[in-house]
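Using this note's numbering, you'd call the opening residue of the sequence shown number 94 and step up by one each time.
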Amino acid sequence: MVYIVSDSIGETAELVAKAAVSQFNGGNVQIRRVPYVNDPQDIVDIIDEAKGQNCIIAFTLVLPELREVLVREADRHHIPTVDIMGPFLDALTLITAGPPKLEPGLVRKLDEEYFRRVEAIEFAVKYDDGKDPRGILRADLVILGVSRTSKTPLSMYLAHKRIKAANVPLVPEVAPPQEIFNLPPHKVIGLTIKPQQLNVIRTERLKTLGLTSHADYASPERILKELEYAEGIMKRIGCPVIDVTNKAVEETASKVLEIYYRGERHR
94 MVYIVSDSIG ETAELVAKAA VSQFNGGNVQ IRRVPYVNDP QDIVDIIDEA
144 KGQNCIIAFT LVLPELREVL VREADRHHIP TVDIMGPFLD ALTLITAGPP
194 KLEPGLVRKL DEEYFRRVEA IEFAVKYDDG KDPRGILRAD LVILGVSRTS
244 KTPLSMYLAH KRIKAANVPL VPEVAPPQEI FNLPPHKVIG LTIKPQQLNV
294 IRTERLKTLG LTSHADYASP ERILKELEYA EGIMKRIGCP VIDVTNKAVE
344 ETASKVLEIY YRGERHR
């Protein structure tokens with residue numbers, strides 16, 4: 094029997110144990126994981142169960158006091174122990190500027206943050222440009238605005254901050270999804286822009302598409318109509334509105350996050 098004792102889930106020690114056991118063709122070795130050990134009494138109970146068995150104890154305990162208890166109690170009952178984490182922490186201490194954090198489960202926290210970020214990026218792609226209104230009610234934030242107000246870049250930037258953002262274009266000829274009127278105002282952000290800058294942006298966009306700059310899409314009249322329509326929708330929702338004129342995506346995102354987290358704290 095190999096006991097895996099950990100102050101987190103014990104996944105690291107179990108992988109090492111399985112790799113070692115495989116060198117003996119598996120044999121009749123059993124592996125028993127004991128996760129979330131954070132009290133010396135837990136260790137005493139484990140040793141009490143293990144004594145008298147043909148076993149070893151492999152452990153990943155970052156707190157020195159828990160490691161000391163385990164080694165001491167195991168030695169009393171002649172149970173071999175393998176400290177998987179301790180020697181590496183001691184070695185790293187010699188070459189780094191400070192001591193370890195000694196906080197259990199940090200790897201898992203980092204992994205969870207990574208997967209939340211990936212999930213948020215996939216969400217932003219799936220619910221970009223109003224593709225599927227079902228995403229509105231699942232989103233952490235919904236971004237509204239007329240075409241070329243940087244809704245998509247903003248949604249992707251927020252995704253890297255682990256915020257699931259859907260964005261919805263506002264077009265006078267298309268009624269917005271009813272779902273946006275059912276959200277708390279702090280979960281909806283409206284984007285606006287000065288007409289002159291939007292005209293420049295849209296004109297450049299038409300050029301890249303090989304279209305004439307005289308198209309209705311970039312005309313001052315059309316732009317004013319869209320901005321007025323979008324302003325009316327945002328007022329109806331009662332959501333915060335950010336003017337993105339001459340703003341970098343990072344600057345807009347900073348304001349968005351401030352509004353979002355302030356709303357979450359006071360809801």
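We treat Cβ as the ideally placed atom computed from N, Cα and C, and that holds for glycine.
Thinking just about the alpha-carbon of each residue, which of Tyr220, Ile139, Pro157 and Gly179 is nearest to the one in Ile149? Here residue 149 corresponds to residue number 56 of the sequence shown, with the count starting at 1. The shortest Cα separation from Ile149 among Tyr220, Ile139, Pro157 and Gly179 belongs to Ile139.
Problem - Simplified DSSP state of Ile97, which is helix, strand or coil - result: Taking the sequence shown and counting its residues from 1, the one referred to as residue 97 is at position 4. Ile97 sits in a strand when the DSSP states are folded into three classes.
(Q) Comparing C-alpha positions only, which one of Pro269, Ser243 and Ala217 sits nearest to Ala252? (A) Position 159 of the sequence shown, counted from the start, is the residue given in the question as residue 252. The option with the nearest alpha carbon to Ala252 is Ala217.
- prompt: DSSP on Phe181, reduced to helix/strand/coil?
  reply: Here the question's residue 181 lines up with position 88 in the sequence shown. In the structure shown, the three-state DSSP call for Phe181 is helix.
Go ahead and pull the three-state DSSP assignment for Phe274.
Here residue 274 corresponds to residue number 181 of the sequence shown, with the count starting at 1. Phe274 carries a helical assignment under DSSP once its states are collapsed to helix, strand and coil.
Report task. Name the two residues that bound the continuous beta strand (DSSP E) containing Thr285. Result -> The count along the sequence shown starts at 1 and reaches residue 285 at position 192. If you look at Thr285, you'll find it in the beta strand (DSSP E) that goes Val281 to Thr285.
Near Glu107, which residues of its chain fall below 8 Å by C-beta distance, leaving aside the five closest residues on each side in sequence? Here residue 107 is taken as the residue at index 14 of the sequence shown, counted from 1. Ile97, Ile124 and Arg126, listed in sequence order.
(request) Quickly, what does DSSP pair Gly191 with across the bridge? List them, please. (result) If you number the sequence shown from 1, residue 191 lands on position 98. Looking at the DSSP assignment, Gly191 forms no beta bridge with any residue, so it has no partner.
Practice prompt. Could you tell me the distance, in whole angstroms, from the CA atom of Phe208 to the CA atom of Tyr250?
Written response: Counting from one through the sequence shown, the residue named residue 208 turns up at place 115. Counting from one through the sequence shown, the residue named residue 250 turns up at place 157. The straight-line gap from Cα to Cα measures roughly 16 Å.
Compare the C-alpha of Leu247 against each of Ala311, Glu324 and Asp221 and name the closest.
-> The sequence position of residue 247 within the sequence shown is 154, counting from 1. When only C-alpha atoms are compared, the closest one is Asp221.
I'd like to know if the stretch 151-166 and the stretch 174-181 are in contact, where contact means that at least 3 CB-CB pairs between them fall below 8 Å. In short, these stretches touch, since the Cβ pair count reaches three.
**Item:** Ser99 vs Pro128 beta-carbon contact at 8 Å
**Value:** In the sequence shown, residue 99 corresponds to position 6, counting from 1. In the sequence shown, residue 128 corresponds to position 35, counting from 1. Contact: yes.
Margin query: Classify Gly145: buried if its beta carbon has 16 or more other beta carbons within 10 angstroms, exposed otherwise.
Written below: To locate residue 145, count along the sequence shown from 1; it is residue 52. Using a 10 angstroms sphere on the CB of Gly145, the tally of other CB atoms stays under 16, which defines it as exposed.
Quick one: what's Val370 bridged to in DSSP? Outside the shown range of the chain, which is 94 to 360, sits residue 370, and nothing can be said about it.
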